[in-house]
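Engineer: The opening position of the sequence shown corresponds to residue 8 in our numbering, with each subsequent residue numbered one higher.
All residues carry an ideal CB built from backbone N, CA and C; glycine is no exception.
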Amino acid sequence: QGVESGRPLRGQRGQIAPQARYKGAIPANVIGHREEEPRSFRPVDEVLQIPPSLLTCGGCQQNIGDRYFLKAIDQYWHEDCLSCDLCGCRLGEVGRRLYYKLGRKLCRRDYLRLFGQDGLCASCDKRIRAYEMTMRVKDKVYHLECFKCAACQKHFCVGDRYLLINSDIVCEQDIYEWTKINGMI
Numbered sequence: 008q009g010v011e012s013g014r015p016l017r018g019q020r021g022q023i024a025p026q027a028r029y030k031g032a033i034p035a036n037v038i039g040h041r042e043e044e045p046r047s048f049r050p051v052d053e054v055l056q057i058p059p060s061l062l063t064c065g066g067c068q069q070n071i072g073d074r075y076f077l078k079a080i081d082q083y084w085h086e087d088c089l090s091c092d093l094c095g096c097r098l099g100e101v102g103r104r105l106y107y108k109l110g111r112k113l114c115r116r117d118y119l120r121l122f123g124q125d126g127l128c129a130s131c132d133k134r135i136r137a138y139e140m141t142m143r144v145k146d147k148v149y150h151l152e153c154f155k156c157a158a159c160q161k162h163f164c165v166g167d168r169y170l171l172i173n174s175d176i177v178c179e180q181d182i183y184e185w186t187k188i189n190g191m192i
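(1) Within the same chain, show all residues whose beta-carbon is closer than 8 Å to that of residue 161, passing over the 5 residues directly before and after it, in chain order.
(2) Are residue 91 and residue 114 close, meaning C-beta to C-beta below 8 Å?
(3) Under a three-way DSSP split, which group does residue 78 fall into?
(4) Please list, in chain order, all residues of the same chain as residue 144 whose beta carbon is under 6 Å from its beta carbon, the five residues on each side excluded.
(5) Taking the Cβ atom as the reference point for each residue, do residue 116 and residue 125 lie within a distance shorter than 8 Å?
(6) Report yes if the C-beta of residue 105 is less than 7 Å from at least one heavy atom of the ligand HEM; otherwise report no.
(7) For the candidate residues 93, 101, 102, 98, whose alpha-carbon lies nearest to that of residue 120?
(8) For the putative contact between residue 79 and residue 105, defined by C-beta atoms under 8 Å, what is the C-beta separation to the nearest angstrom?
(9) Enumerated in chain order, which unbroken segments of the alpha helix (DSSP H) with a length of 4 residues or greater are wholly contained in the segment 99 to 174?
(10) Give me whichever residues DSSP pairs with residue 186 in a beta bridge.
(11) If residue 64 sits next to residue 88, beta carbons under 8 Å apart, how far is it from one beta carbon to the other, in whole angstroms?
(12) Can you check which of these residues, 67, 100, 110, 130, is closest to residue 152 by C-alpha distance?
(13) Could you tell me which residues DSSP pairs with residue 178 in its beta bridges?
(14) Does the Cβ-Cβ distance between residue 149 and residue 140 come in under 8 Å?
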């Protein structure tokens, strides 16, 4: 799909990538919303059989005379006109997703802020906002800053080994000492 085929992109549905999970509702499971990737920049004359001057922008309602344009929510857009209705950030940039619910175009952060569910950190018991990045271990969710060794307070890097004991995370170097101090040996 997209640039190679010349067909409009359809909304992608599915899970959030494991390396960037967010606590709260997974957008694909929310009823009545559409999620699209409006990043398919294509020359007007390659896609349409009609003159570009007949296309109307869904934002400014002006004709689209530009060589490149976006298609989202079954409308055509100038690159600068496709923006989040709340914060105004541009939704046409590569890697951005557009969420459409209740007639509003939203960026991921604003969508999760309005419709996501907050949770609690397994380490500090403080609230985790739906739009915050988190670390997950089994059914436990942690703020990024709380995902550290309970013994030495060292933050983990990719590939570091650890053990989950109740809600405590212990690095490989401190496992023996931690279990001994807490009466587990």
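Structural biologist: The answer reads as follows:
(1) 155, 178
(2) Contact flag set, yes.
(3) Looking at residue 78 - three-state DSSP - the assignment turns out to be strand.
(4) 171
(5) no
(6) No copy of the ligand HEM occurs in the structure displayed, which carries no ligand at all.
(7) Comparing alpha carbon positions, the residue from 93, 101, 102, 98 closest to residue 120 is 93.
(8) 5 Å
(9) 115 to 122
(10) DSSP, once it has assigned bridges, lists no residue as partnering residue 186.
(11) Yes, they are in contact, since the Cβ atoms of residue 64 and residue 88 sit about 5 Å apart, within 8 Å.
(12) 130
(13) 169
(14) no
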